[in-house]
Structure formats: C-alpha cells, structure tokens
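4 is the number of the first residue of the sequence shown in my numbering; add one for each residue after it.
We put the beta carbon where it would ideally sit given N, CA and C, even for glycine.
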Amino acid sequence: MAVTDPLKIIPGGLATVSTSELMAFLKDYTAREQVETIVMGEPKQPNGMPSENLPRVKAFASRLRKELPDIPVVFYDERFTSVLAHKAMIDGGLRKKARQDKALVDEISATIILQDYMNSRKSW
C-alpha cells in the first residue's frame, strides 16, 4: 500500500499487508487517518483485457465499499508496475536479494500506481 502527503504531492510506501488482514488494516487506518480516496490497482493483461485476478479484486472492492461507504474506491490500471518497480530498485542500487522481496516490490508498485493516478488527476 501507498499513501500521499496531505498536499497530494509525494506518494510513498505505507505497508504490505496480507489479503486476509487487509480489511481490518484499512478499517483501522481510516479510523486514524483522513483518507479521501482508495485507489486500487486494476489487474489487466498486457493487451488490456481483464486478468484472471480481476473478479477477486472487484469482489474485495465491493466489500470495501460496504465497510467504508464514505470513502470512494477507484480502480487504476496496474499493468507494468512490477516491471517499473524492479527498474526503480535496480536504479536505486538495491542488491538482487532485496529485489526478490515481493513485499517491497508490491509496496513500490503501489506507490507507482498512486503516483500515476495522481498525475492523471492533475491533467484533468
């Protein structure tokens, strides 16, 4: 997961949470912090077609909307974010062992998704 500062300038990694603990984490986090929107990665195949994970992600989003009805949940294309995350890790000088840390890759990917979403909103 990733969050941005209150001025919506800089996104950064927040945490990596297992799917089984995610709803409880989000409910706790939103009770403590002001959250304007939840941006979820929309899994797609490289050709733009929905991935096999999309039904599970949409089901979670539906549940999330019921649990946190005052916070909009939006989807944003997550294609190639893992590739970009690995590139950022290499460019940042992380060793191979660190680059194999799935939790770190997921957190960087979430940051990339949030940054791209924020950039798309600025162009509106």
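If the five residues before and after Arg-82 are omitted, its C-beta is found closer than 6 Å to the C-beta atoms of Lys-47, all from its own chain and listed in chain order. Between Ala-34 and the set Pro-72, Glu-55, Met-52, Leu-10, the nearest pair of CA atoms involves Pro-72. Between Thr-84 and Ile-115, the C-beta gap is smaller than 8 Å, which places the two residues in contact. Beyond the five residues adjoining it in sequence on each side, Ile-74 comes within less than 6 Å, by CB distance, of Val-38, Ile-41 in the same chain, given in chain order. For Ile-116, the uninterrupted alpha helix (DSSP H) run begins and ends at 105-125, by DSSP. By the neighbour-count criterion, in which 16 or more other beta carbons inside 10 Å mark a residue as buried, Thr-7 falls on the buried side.
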